[in-house]
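Comments concern the structure below.
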Amino acid sequence: GILASVISRIAGKYVDGIDKKAAEMSVWKGEIRLKNLALKASALDDMDLPIKLVHGSLEELHLDIPWKNLRSKPVIVKITGLYMVVCPNNEHSKSAEQQQEQALANKRAAIA
65 GILASVISRI
75 AGKYVDGIDK
85 KAAEMSVWKG
95 EIRLKNLALK
105 ASALDDMDLP
115 IKLVHGSLEE
125 LHLDIPWKNL
135 RSKPVIVKIT
145 GLYMVVCPNN
155 EHSKSAEQQQ
165 EQALANKRAA
175 IA
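So in the numbering used here, spot 77 of the sequence shown is number 141, and the numbers just go up one at a time.
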C-alpha cells in the first residue's frame, strides 16, 4: 500500500533489506518492526560529518504509530543494535568560507 511504500522510500534512503510485504501488513496495526537491515554506505552523506560509513547494520527498527491520535501522541522510533564501521572523510574539510556560505544558505532556506 501507499503507507508501506512511503516508509520504505524514507527508510530506504538509509537501509537495505526492507521487506515491503511485512511492512505493509504491520503499518495498519500501528507497529512496524523491521529486522536485520544493512545500512547503506551513503547513509551518513547528508549529515556533513567528518566520517564516512564503511559498513553498518541495524538489528531492529521499531516504529509505533498512533494512527487514531497522531495529533496528540508522538510517533515513537526505537533503534536496537546499531553497528557502524566508519573511517575519516577526507572530503569533509571545507574551508571556513565554504562553511559560512553553507550556514547562510541553510538560514535562507529556513526562512523561505
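The beta-carbon is built from N, C-alpha and C at its ideal position, and this holds for glycine as well.
L103 places its beta carbon 7 Å or farther from that of V139.
Assignment of S121 by DSSP, reduced to helix, strand and coil, places it in the strand class. The closest CA to that of K132, considering only E95, R73, R172, N153, is found on E95. According to the DSSP secondary-structure assignment, I129 is paired through a beta bridge with no residue. Distance from the CA of K77 to the CA of V149, rounded to the nearest whole angstrom, comes to 18 Å. Under DSSP, I115 takes part in a beta bridge, and its partners are P152.
A distance below 7 Å separates the beta carbons of N153 and P114. Looking from the CA of A167, the closest CA among A105, L98, S69, D112 belongs to D112.
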